[in-house]
Structures are given as C-alpha cells and as structure tokens.
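The structure under discussion appears below in the form of structure tokens.
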Amino acid sequence: MADLSAAEGDRPPFGAARPDVVPYISCWSSEHRPPGLVVTRGAGIAYDDEGPYERDDLGVLWKRIGYSPGKGRPEFGKVHFLRQRRAMRKLLCQICGGPSDRGPEGTLWLVGEDAEDPELRKPGYVTTHPPLCVPCAVTSVGVCPHLRTRYLALRVRTFALTGVHGALYRPDGLFPVAYSAEGASFGSRRLSWVLATQLVMEFGEFTVVDLDAEHAAHRKRTEARHRIFGEGPTRAPR
Ligand SMILES: [Zn+2]
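Read left to right, the sequence shown gives residues 5 to 242 (the working numbering).
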C-alpha cells in the first residue's frame, strides 16, 4: 500500500510558506479530540459511551474530534478526520473545500511520487489525500513540503473508496489494545477492529498530466466563461 503514512492524520506542514492558505482538511487548535474509552463489544471495538454519530454508514467507528474550523490557530500538519472523509466522499478540493476539478479526462489528484516510481504502476494505488481544483493544485506544489521536491499530477478516470486508515485493535480481555496504524479494507474482518481516521481511495485508470498545461487550460476556460456570461471576475483567475 502506497502513501499511507498518515496514521493519525499527520502530514508535513503546509503553512510555513503560505500561512494565509489553510487547507480545508487541516485541523484548528480549537478542535480538540474528546476522550473516548474503547472497549471490546461483540466481534469488534466500540466506545463505552458510544453515541449515534460515531460510526459511518458502513458501521466503521471513527476517532472523535471536535468541529470548529476557523477558530484558534490552524494546525497545518494535522488532518481533520471528518473533513478528510467529507472531501473524499464528495470529491471536494482538499485545500479550498470547493469542487475538485473533474472532466472527461478524469479527476485531478496530486501524488508525491515521481513518474518512474513502481508503486504508481502497480494495480491498486491508494491514497488518503483528497483531490484538488486546478488553482489549489498549483498553489500546493509551490508551498507543500510534501510535494515541493517531487509530485505528479494525475487525471484519474476510475477510482473507488476501498477502506479506511486508522488504529487497529486486537482483543485483550475487556479493553482491546491498539497495536498498529494501518489500513482496513471494506469487507475485511479488520474493519470492525479499526478506529478510523481517514478514508482510503484506490485508483484504477489514470493518466499523468502536466500541471502547467492544466493550469493554462483552466485559465482559458475561466476567461471564456467570463466572456460568454459577462461575469466580471470577482478575482483574476489564478
Ligand atoms: Zn481548491
């Protein structure tokens, strides 16, 4: 499995170079992680005081986290579990939270690989990073330490959510023990033993594209739209 180092949602900090750009999926200092005692229940884990919204529609238990984006300080290196989940499900841009760029060639993703990387050529390349819109992709490769040294822009035509990443537990009496940070695929027996922190997307067919060319095409499209619909741009196309 590639690109699954983000066990607790930690990522290389984004904000050092552009403190004004706070990614949609970043945590804020006001978003505390409420305590939650994990217990064994049936053939899996549960919170001892579990509420109705602690699991997703597949019954996966998610790590608790507060929700107050914009309050406090941005914590650039930490991914907010629920915004990452929302961005992956709705294919939102991980930086601005708007729609990611989707077209006939596929949805735009950036990966921290180089073109020769064999991981990328194996079937079932997975990522916990949501897609992007073109302007945010251009910003990201300039300021994100994870991507500044190497990145590939991909147009991904087929993809599917195939599992979650999080803390894997094993039974040990009443209180299960977290022993590893790993992925658990949907349908696997592991799924009921994972405390999820991120959704995992698997790529099928994709093409490596040139981000500068994507950016030029995006600017053309935006300018044409302004001409046709007479919209004065609220800001110059980035
Ligand atoms: Zn964006």
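Just so you know, even glycine gets a beta-carbon here, dropped at the ideal spot from N, CA and C.
### Message
Suppose you measure from the CA of A200 to the CA of F85; what does that come to, to the nearest Å?
### Response
For the purposes of this step, residue 200 is taken as residue 196 along the sequence shown, with counting starting at 1. For the purposes of this step, residue 85 is taken as residue 81 along the sequence shown, with counting starting at 1. Looking at the two C-alpha atoms, the distance is approximately 8 Å.
### Query
Under 8 Å from any heavy atom of ligand 1, does the C-beta of C4 make it?
There is simply no residue 4 to check, as the chain begins at 5 and stops at 242 in what is shown.
#### Entry: Exercise answer, beta-carbon shell around ligand 1 heavy atoms below 5 Å
C97, I99, C100, C137, C140
### Message
Measuring only the C-alpha atoms, how far is E117 from C97?
### Response
By 1-based counting over the sequence shown, the position of residue 117 is 113. By 1-based counting over the sequence shown, the position of residue 97 is 93. Each residue's alpha carbon lies about 19 Å from the other.
### Message
Comparing C-alpha positions only, which one of A188, V26, P78 sits nearest to H36?
### Response
Indexing the sequence shown from 1 puts residue 36 at position 32. Minimum Cα distance to H36 is reached at P78.
### Message
Am I right that R193 and Y183 are in contact with their C-beta atoms under 8 Å? What's the rounded C-beta distance?
### Response
Locating residue 193 in the sequence shown gives position 189, counting from the first residue. Locating residue 183 in the sequence shown gives position 179, counting from the first residue. At roughly 15 Å, the Cβ-Cβ gap does not stay under 8 Å, so R193 and Y183 are not in contact.
### Task
Decide yes or no for the touch test of the region 112-131 against the region 143-159: beta carbon pairs closer than 8 Å, at least 3 of them.
yes
### Message
Quick check: L165 and R93, are their CB atoms within less than 9 Å of each other?
### Response
Start at 1 with the first residue of the sequence shown, and residue 165 comes out as number 161. Start at 1 with the first residue of the sequence shown, and residue 93 comes out as number 89. Result yes, Cβ atoms of L165 and R93 sit closer than 9 Å.
### Task
Check each candidate in G40, A50, L62 and name the one with the smallest Cα separation from G70.
Position 66 of the sequence shown, counted from the first residue, corresponds to residue 70. For the residues G40, A50, L62, the minimum Cα distance to G70 belongs to G40.
### Query
Is it buried or exposed for L178, if we count other Cβ within 10 angstroms and need 16 for buried?
Mapped onto the sequence shown, residue 178 falls at position 174. The residue is exposed, with fewer than 16 neighbouring Cβ atoms inside 10 Å.
### Query
Starting from Q202 and walking both ways along the beta strand (DSSP E), at which residues does that stretch end?
Along the sequence shown, read from residue 1 onward, the residue named residue 202 stands at position 198. Here the beta strand (DSSP E) through Q202 covers 198-207.
### Query
Where does the unbroken beta strand (DSSP E) through R2 begin, and where does it stop?
Given a span of 5 to 242 for the chain in the structure shown, any question on residue 2 remains unanswerable.
### Message
For F233, count the other beta carbons within 10 Å of its own beta carbon; 16 or more makes it buried, fewer makes it exposed. Which is it?
### Response
Numbered from its first residue, the sequence shown carries residue 233 at position 229. When all chains shown are included, F233 counts as exposed.
### Query
Among Y57, W113, Y51, which one has its Cα closest to the Cα of D212?
Mapped onto the sequence shown, residue 212 falls at position 208. The displayed chain sequence assigns Val, not Asp, to residue 212. Taking only the C-alpha atoms, the option nearest V212 is W113.
### Reduced DSSP category for E12 - H, G, I as helix; E, B as strand; rest coil
In the sequence shown, the residue the question calls residue 12 occupies position 8. Here E12 scores only 49 on pLDDT, less than 50, and its place in the model should not be relied on; the value that follows carries that caveat. The answer is coil: DSSP assigns E12 none of H, G, I, E or B.
### Message
So, at 6 Å on beta carbons, what are the nonlocal neighbours of G167 in its own chain, with the 5 sequence-adjacent residues on each side left out?
### Response
The sequence position of residue 167 within the sequence shown is 163, counting from 1. Here the set comprises G187, A188, S189, F190, V204.
### Task
Excluding the 5 residues preceding and the 5 following V145 in the sequence, name in chain order all residues of the same chain whose CB lies nearer than 6 Å to its CB.
Counting from 1 along the sequence shown, the entry for residue 145 is found at position 141. For V145, where only same-chain residues beyond five positions count, the Cβ hits under 6 Å are L151, Y155.
#### Entry: Counterpart residues of C31 in DSSP-defined beta bridges
As a working note, residue 31 is residue 27 in the sequence shown. Per DSSP, E79.
### Query
Using the C-alpha atoms, what's the distance from D176 back to G107?
On the sequence shown, position 103 is the one that residue 107 refers to. On the sequence shown, position 172 is the one that residue 176 refers to. Their backbone Cα atoms lie some 49 Å apart in a straight line.
#### Entry: Bounding residues of the beta strand (DSSP E) (the contiguous stretch that carries V147)
The residue labelled residue 147 in the question sits at position 143 within the sequence shown. Looking at the DSSP string, V147 is not in any beta strand (DSSP E); the run it does join, the alpha helix (DSSP H), is 138-147.
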